[in-house]
Amino acid sequence: AAGRGHDHVVLRAEDVLPSPSSSSCDTPREHKHGATSSGTRMPIVHRHGPCSPLADAHGGKPPSHEEILDADQNRAESIQRRVSTTTTAARGKPKRNRPSPSRRQQPSSSAPAPGASLSSSAASLPASSGRALGTGNYVVTIGLGTPAGRYTVVFDTGSDTTWVQCEPCVVVCYEQQEKLFDPARSSTDANISCAAPACSDLYTKGCSGGHCLYGVQYGDGSYSIGFFAMDTLTLSSYDAIKGFRFGCGERNEGLFGEAAGLLGLGRGKTSLPVQAYDKYGGVFAHCFPARSSGTGYLDFGPGSSPAVSTKLTTPMLVDNGLTFYYVGLTGIRVGGKLLSIPPSVFTTAGTIVDSGTVITRLPPAAYSSLRSAFASAIAARGYKKAPALSLLDTCYDFTGMSQVAIPTVSLLFQGGASLDVDASGIIYAASVSQACLGFAANEEDDD
Amino acid sequence: VGIVGNTQLKTFGVVYDIGKKVVGFSPGAC
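As given, the protein sequences belong to chains A and B, one line each in that order.
Residues 20 to 466 (this note's numbering) make up the first sequence, in order.
Residues 2 to 31 (this note's numbering) make up the second sequence, in order.
Here is the structure:
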C-alpha cells in the first residue's frame with residue numbers, strides 16, 4: 020500500500036492485480052525457517068501461487084476466481100450447517116430448514132455413507148456434515164514417518180483430523196503431486212486399535228480387524244477414509260512430534276488440488292495444537308502474505324509471532340470442544356468512521372476465524388451497511404463500476420489507473436482489538452478491471 | 002455464523018492461544 024491515512028489507503032495498480040502463478044516466487048523477508056526461540060516456524064505459501072510445490076499441478080492452470088469463490092461458498096455453507104446442528108443442540112431451538120442457496124447440488128448429509136467398507140469386514144462409516152475444503156487455501160510442507168517423507172498439505176483451522184493419502188491406496192486415491200506416504204516403510208508407524216481411547220476422539224469412526232478407522236467428509240462431497248494411525252510428524256528440521264495421531268487415507272476423493280492431505284489446526288481433540296499441547300502450550304500463529312507470490316509463516320509454540328499486546332487480543336468464545344475458533348465481532352469502521360450497526364446483529368450470529376475460508380462472511384445487515392459506506396466513499400472518487408464477481412457484488416474497473424485510493428476497513432472485536440484490514444484484504448481482484456470489495460453477506464441474520 | 006476469512010487476515014500475525022482462550026492480531030507480521 021503506497022500510503023495509509025486514517026480514512027483511506029492508496030493501492031498501486033500492480034498491488035491490485037493477483038500475481039499469475041507463472042510469476043516468480045517473492046523471496047521471503049526475515050523469515051527464519053526452523054526453530055524460533057521457543058517454537059517452530061514453517062513457511063506458508065498459496066496453493067496456486069508460484070511458490071507452491073504444487074504450482075504446476077493441473078498442468079499449470081489454477082482454478083478460476085469463479086471456481087475459487089464457488090468452492091468458498093460451499094465451505095461457508097458447510098460450516099454454517101455444522102454450526103447450526105451443534106448450536107441447535109446447545110440452544111435447543113430447531114433451526115429453520117432453508118434450501119441451500121448454492122448453485123450446485125449439495126450432497127445431503129443423509130446421503131449413503133461414503134465410508135463404504137474398506138474391506139468386506141470393515142464397518143461402514145456414517146456420513147458427517149464435515150467441512151468444505153475450498154480451493155483458495157494455503158499449504159505447508161510437513162515430514163511424516165521415519166525416515167521422514169515430505170508432504171505438501173493444506174492447513175486448516177476449520178478442521179481437526181490431519182490425514183494424508185497412503186499406500187497401498189486400497190480403494191481409491193485422487194492424483195497427488197508427491198509420492199504417497201507408505202506406512203510400511205516407516206519404522207515408527209503403528210495403527211491405533213479400536214479399543215484405544217484415541218479412537219473415541221474421532222468425530223466419525225469405525226473399526227476394521229481391530230484397527231480404528233477414521234472418516235472425514237467435506238461439504239463439497241470430498242472425503243477421506245482410512246486407518247487412524249500414529250507416526251512421527253516433523254514440522255521443521257529441528258522439531259518433531261513422536262506418536263502424532265493422523266489419518267492414513269485408503270479411500271480419498273475430491274477437490275484437494277493434488278495436495279497430499281490436510282493438517283488440522285482446529286480446537287478438537289485430534290487436531291495438531293491439541294495433540295501437541297504439552298509441547299507448544301496450545302499456541303500457534305499464522306500469517307498469510309499480501310500476494311499469492313509471497314511467503315507467510317505457520318508458527319508453533321509460545322514464541323509464535325511477535326508478542327501480541329493485550330490491546331490486540333480478543334477472547335476465544337464458545338468452549339464446546341468443537342473445532343471452530345469463535346470470536347466476538349462487535350463493529351466495523353469504514354474510512355475511520357464506526358458504522359451504526361446494532362450489537363445484536365453480531366451477537367445473534369456469532370463469528371468464527373477460519374483459515375480455510377477466503378472471503379469474510381457477515382450478517383446481511385452488517386454487510387449492507389459496510390457496502391453502502393464503502394460505495395459512497397468510493398463514488399466520491401468517480402471510479403467506474405464493474406460487474407459482480409460471483410458472490411462479490413461491489414466491483415470497480417481500475418483500468419488505466421496507476422494507483423487508487425480506497426476507504427480503510429477495520430473489524431472491531433470484543434476486548435477492543437481492531438483488525439485494520441490490509442489494503443490487500445479490502446479488495447479481491449480477478450483483474451484490474453474487476454476489483455471488488457472482498458466481503459460478502461450471509462443469507463440470514465442468524466446464519 | 003459470520004466467518005473472518007483469510008483474505009482479510011493477510012499480513013497479520015494471527016495468534017491462537019487455546020490455553021488462555023484468546024486470539025490475537027499483530028499487524029505487519031509478514
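Note that beta-carbon positions come from the ideal geometry of N, C-alpha and C, so glycine has one too.
Same chain, Cβ closer than 7 Å to A/Ala424, five either side skipped, listed in chain order: His27, Val29, Arg400
Inter-residue spacing [alpha-carbon to alpha-carbon] between A/Gly315 and A/Gly228: Cα-Cα distance, rounded: 43 Å.
Helix, strand or coil at A/Leu291 according to DSSP, with G and I counted as helix: helix
Terminal residues of the beta strand (DSSP E) in which A/Cys226 lies: Taken as a continuous stretch (DSSP letters only), the beta strand (DSSP E) holding A/Cys226 covers 224–227.
Helix, strand or coil at A/Gln19 according to DSSP, with G and I counted as helix: Since the first residue of chain A shown is 20 and the last is 466, residue 19 of chain A is not available in this structure.
Any chain B beta carbon closer than 8 Å to A/Ala109: With a pLDDT of 41 at A/Ala109, under the threshold of 50, the modelled position of that residue is not reliable, and the figure given next carries that caveat. It does not: the Cβ of A/Ala109 has no partner Cβ on chain B nearer than 8 Å.
Cβ neighbours of A/Glu194 in the same chain (closer than 7 Å, five flanking residues each side left out): Glu277
A/Gln124 burial status per 10 Å Cβ neighbour count (16 or more: buried): For A/Gln124, the predicted structure reports a pLDDT of 32, less than 50, and the residue's modelled location is therefore unreliable. The matter cannot be settled from this model.
Interface flag, A/Val372 vs chain B, CB-CB below 8 Å: yes
Pairwise C-alpha distance: A/Thr176 and A/Lys80: Cα to Cα, A/Lys80 sits roughly 27 Å from A/Thr176.
Euclidean distance between Cα positions of A/Ala392 and A/Ala304: The straight-line gap from Cα to Cα measures roughly 32 Å.
Burial state of A/Asn339 (16 or more Cβ within 10 Å): exposed
A/Met61 vs A/Ser359 beta-carbon contact at 8 Å: The answer is no: Cβ separation not under 8 Å.
Boundaries of the alpha helix (DSSP H) in which A/Asp297 is found, first to last residue: From DSSP, the alpha helix (DSSP H) with A/Asp297 extends over 296–299.
Test item: CB-CB of A/Asn264 and A/Phe247 under 8 Å: One point to set straight first is that residue 264 of chain A is Arg, not Asn, in the sequence displayed. Cβ distance < 8 Å, so A/Arg264 and A/Phe247 count as in contact.
Per DSSP, cross-strand counterpart(s) of A/Pro62: Listed as beta-bridge partners of A/Pro62 by DSSP are A/Tyr316.
Alpha-carbon spacing of A/Thr59 relative to A/Tyr237, whole angstroms: 29 Å
A/Leu60 at chain B interface by Cβ criterion, 8 Å: First, the residue type needs correcting, since residue 60 of chain A is Arg and not Leu in the sequence shown. For A/Arg60, the answer is no, since every Cβ of chain B falls outside 8 Å of its Cβ.
Inter-residue spacing [alpha-carbon to alpha-carbon] between A/Thr333 and A/Ile63: 24 Å
Those residues which DSSP pairs with A/Gly245 across a bridge: Beta-bridge partners of A/Gly245 (DSSP): A/Tyr233, A/Gly268.
Close-in-space but distant-in-sequence residues of the same chain around A/Tyr388 (CB under 6 Å, 5 per side omitted): Note that residue 388 of chain A corresponds to Ser in the displayed sequence, not to Tyr. Cβ within range, chain order: Leu358, Ile360.
Buried or exposed (CB count within 10 angstroms, at least 16 for buried), A/Asp220: Around the beta carbon of A/Asp220, 16 or more other beta carbons sit within 10 angstroms, so the residue counts as buried.
Contact between the stretch 86–99 of chain A and the stretch 283–295 of chain A (3+ Cβ pairs under 8 Å): no
Where the stretch 336–361 of chain A meets chain B: residues whose CB sits under 9 Å from a CB there: Here the close residues are Leu336, Asp338, Phe343, Tyr344, Tyr345, Val346, Leu348.
Cα-Cα separation, A/Pro118 to A/Glu462: Interpretation of A/Pro118 is limited by its pLDDT of 38, a score under 50 that renders its predicted location unreliable; the figure taken from the coordinates is listed afterwards. Near 11 Å, if we compare the C-alpha coordinates of A/Glu462 and A/Pro118.
Residue from A/Tyr242, A/Ile446, A/Ala436 with nearest C-alpha to A/Gly273: A/Tyr242
Neighbour flag for A/Ser443 against chain B, beta carbons, 8 Å: yes
Closer than 8 Å to chain B by CB, A/Gln99: yes
Min CB distance A/Arg380 to chain B below 8 Å: yes
Per-residue contacts from A/Cys306 into chain B (C-beta, under 9 Å): Leu10, Lys11, Thr12, Phe13, Gly14, Val15, Ser27, Ala30, Cys31
Per DSSP, cross-strand counterpart(s) of B/Val16: A/Ala304, B/Gly25
A/Arg204 classed as buried or exposed, judged by whether at least 16 other C-beta atoms fall within 10 angstroms: exposed
Under 7 Å from the C-beta of A/Val440: neighbouring residues of chain B: Chain B residues near A/Val440: Gln9.
Cβ neighbour criterion (16 or more within 10 Å) applied to A/Lys224: Looking at its Cβ environment, which holds 16 or more other Cβ atoms inside 10 Å, A/Lys224 is buried.
Same chain, Cβ closer than 7 Å to A/Ala309, five either side skipped, listed in chain order: Only Asp441, Ser443 meet the Cβ criterion.
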